[in-house]
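Participant: For reference, each letter of the sequence shown is one residue, going 1 to 387 in the UniProt record's numbering. Glycine included, every Cβ here is placed at the ideal spot set by N, Cα and C. Since the structure is predicted, the reported quantities are computational estimates derived from the model, not experimental observations.
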Amino acid sequence: MKSCLRIPRVLIPREGFETWAVIARDQFTSDREYWKRVERCVGDAPSTLNFILPEIDLGEDDAARIEAERAAMYAALENDTLSKLTRGLVFTERTTRTGVRRGILVCIDLEQFSLEAGVSAPIRASEQVIPSRLTVRVAERRATPLEFPHTILFYRDKKDRAVKDLLREELEQLYDFDLMEGGGHLTGWFVPDYIAADVVNYLYTKGDPMFAVADGNHAVAAAKQYWEELKPTLRQEELANHPARFTLVEMVNICDPAVVFHPIHRLVKDVETEAFCDFVMRSVKCKREGNVITGLPAGIAGVRIADELCEKFVRAGGGRIDYVHGTKRLQSCAAEEDCAGILLTAMDKEDFFPALKGGALLPKKAFSLGMSKEKRYYLEGREISYD
């Protein structure tokens, strides 16, 4: 069982962390101005922006963008942009308005991960994935030699033994800087191998599942799909330690007070606004405030109802479904022409692990670990091929 975690060799930039670190690609998918500001901030500086395809740009010459990502990664390897640490963990502190969230970077074994409904595994997906958003991620993984994931996995330990142990150590600081676009402050320390082994042992706790994806379900699902594609092409002796068998994640204790669940609201675009609102009002007990539907049941029940109604309406009459963080942002987007929104409420984080027992899955985009600006930024990476 304990083989599901592995101590990695992590890549970080040698300098320029402020422009290197960029927020997860699945954020601000209805806010092109945000990504334009990021591009202006980065300019020509080395940045993980060159290694990702933001979801707001999906469908805009994806193949060419992936080839550019591949070229940028090889260039970073060749021009000494990256520093490869010795084997060890990275201990992080992310300061946002909700407090200081601590995390531990480690690799997970994709053989121990499952996203299939009804299948128990030590590491579980928490949500259904969106096929269209998975396809590009798998294509990227096939083409590129490195990964720079934003995945966060939850574990549960009310005693918080791993973090308390690390706080007692005198560790080498790797970075300490403010994240762009109001993302808060990030500090990271290197945890050498001789300390890391004991820390990893603290992460193993009883439960079904033991670990679950808090953020980055699509990233882990893509890594798993690529690994399953690659396995038949490898020799038997390559299977146990091939780098693509593993993916880098940040482990966060769900018991951390800084872990706060937020709802992810639904936004429909390119629809007849009045027709959509009338359809929802006829289908379920709710209220309407402008172009926003409110008053659905709390938590996961409301998410399931919203998804069912949005998908049914779009199937019949066309349109697109998007996912928006924040009440004000939803109101702003829903006020645009041919748009409407559904305001949802957050699930209780105490319900997270019980909801996944026995291989169950939450609806897609069921909750958010913090608001958009509090999401994980791409920073650390690792090699996933032998090229």
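Any idea what DSSP makes of Met1, helix, strand or coil?
Facilitator: Confidence in Met1 is poor, its pLDDT being 44 and thus under 50, which makes the residue's placement unreliable; the coordinate value appears in the next sentence. DSSP places Met1 in coil when its eight states are reduced to three.
Participant: Could you say if the stretch 116-127 and the stretch 232-246 meet the contact criterion of at least three C-beta pairs nearer than 8 Å?
Facilitator: No: fewer than three Cβ pairs fall under 8 Å.
Participant: State the Cα-Cα distance for the pair Thr205 and Thr345, rounded to the nearest angstrom.
Facilitator: Taking the straight line from one Cα to the other gives about 30 Å.
Participant: Restricting to Cα atoms, I'd like to know which of Arg70, Pro263, Gly103 and Glu383 is closest to residue 433.
Facilitator: For residue 433 there is no data in the structure shown, the boundaries of the chain being 1 and 387.
Participant: Should the stretch 94-101 be called in touch with the stretch 367-386, which here means at least 3 C-beta pairs below 8 Å?
Facilitator: Yes, since at least three Cβ pairs between the stretch 94-101 and the stretch 367-386 fall closer than 8 Å, the two stretches touch.
Participant: Does the stretch 129-149 come close enough to the stretch 214-226 to have 3 or more Cβ pairs within less than 8 Å?
Facilitator: Yes: the two stretches touch, three or more of their Cβ pairs being nearer than 8 Å.
Participant: Considering only residues of the same chain and omitting the five flanking positions on each side of Leu186, which have a CB-CB separation below 6 Å?
Facilitator: Cβ within range, chain order: Arg94 and Leu179.
Participant: Helix, strand or coil, according to DSSP, for Ile66 in the structure here?
Facilitator: Correct three-state label for Ile66: helix.
Participant: Beta-carbon within less than 8 Å of Tyr193's beta-carbon, same chain only, minus the 5 sequence neighbours each way: which residues are those?
Facilitator: As written in the sequence, residue 193 is Asp, which differs from the Tyr given in the question. Excluding sequence neighbours, Asp193 sits near Ile7, Thr86, Arg87 and Gly88.
Participant: What first and last residue would you give for the alpha helix (DSSP H) that runs through residue 453?
Facilitator: An answer regarding residue 453 cannot be provided, because it is not within the stretch 1 to 387 covered by the chain.
Participant: Please return the same chain residues whose Cβ sits closer than 8 Å to the Cβ of Glu69, not counting the five positions on each side in sequence.
Facilitator: Answer for Glu69: Asn50, Phe51, Ile52, Leu53, Glu140, Ala143 and Thr144, listed in chain order.
Participant: Considering only DSSP beta bridges, list what Val292 is partnered with.
Facilitator: BP columns for Val292 point to Glu289 and Gly341.
Participant: Expressed to the nearest angstrom, what Euclidean distance is found between the alpha-carbon atoms of Met1 and Lys159?
Facilitator: Low per-residue confidence applies at Met1: pLDDT is 44, beneath 50, and the placement is therefore not dependable enough to give any value.
Participant: Cα-Cα, which of Asp307, Cys107 and Phe261 is closest to Leu267?
Facilitator: For Leu267, the nearest C-alpha among the options comes from Asp307.
Participant: Does DSSP classify Phe279 as helix, strand or coil?
Facilitator: Looking at Phe279 - three-state DSSP - the assignment turns out to be helix.
Participant: If Leu5 and Glu380 are in contact, beta carbons under 8 Å, what's the gap, nearest whole angstrom?
Facilitator: With a Cβ gap of about 16 Å, Leu5 and Glu380 do not count as contacting.
Participant: Starting from Gln128 and walking both ways along the beta strand (DSSP E), at which residues does that stretch end?
Facilitator: Run containing Gln128: none; DSSP gives neither H nor E here.
Participant: Rounded C-beta distance between Ala21 and Tyr377? I'm assuming under 8 Å.
Facilitator: The Cβ separation is near 4 Å, so the contact holds.
Participant: Would you report the Cα separation of Gly358 and Val213, rounded to the nearest angstrom?
Facilitator: One C-alpha to the other measures close to 15 Å.
Participant: Name the residue from Arg97, Val271 and Ala76 whose alpha carbon lies nearest to the alpha carbon of Ala316.
Facilitator: The shortest C-alpha separation from Ala316 is found at Val271.
Participant: Between Ile108 and Gly318, what straight-line distance do the alpha-carbon atoms span, to the nearest angstrom?
Facilitator: Distance between the alpha carbons of Ile108 and Gly318: 40 Å.
Participant: Which residues mark the beginning and the end of the beta strand (DSSP E) in which Arg14 is found?
Facilitator: It is not in any beta strand (DSSP E) - Arg14 carries neither H nor E in the DSSP assignment.
Participant: Given Ala263, which residues of its chain have a CB within under 6 Å of its CB, disregarding the five upstream and five downstream residues?
Facilitator: Per the sequence shown, the amino acid found at residue 263 is Pro instead of Ala. Excluding positions up to five away in sequence, the list reads Leu344, Thr345 and Ala346.
Participant: Would Met73 and Phe154 qualify as a contact pair, given that the criterion is a beta-carbon distance under 9 Å?
Facilitator: Their beta carbons are not under 9 Å apart, which means Met73 does not touch Phe154 by this criterion.
Participant: Could you compute how far the alpha carbon of Phe353 sits from the alpha carbon of Phe17?
Facilitator: For Phe353 and Phe17, the distance between alpha carbons rounds to 34 Å.
Participant: Along the chain, where does the beta strand (DSSP E) containing Gly103 start, and where does it finish?
Facilitator: Segment Gly99 to Asp109, the beta strand (DSSP E) holding Gly103.
Participant: Can you tell me whether Glu336 is buried or exposed, with buried defined as 16 or more other CB within 10 angstroms of its CB?
Facilitator: Answer is exposed; the Cβ neighbour count stays below 16.
Participant: Ile56: which of Val292, Tyr323 and Ala196 sits nearest, CA to CA?
Facilitator: For Ile56, the nearest C-alpha among the options comes from Tyr323.
Participant: Between Asp348, Thr327, Ala196 and Val138, which has its C-alpha nearest Ala244's C-alpha?
Facilitator: Per the Cα distances, Val138.
Participant: Could you tell me which residues DSSP pairs with Tyr377 in its beta bridges?
Facilitator: According to DSSP, Tyr377 bridges with Ile23.
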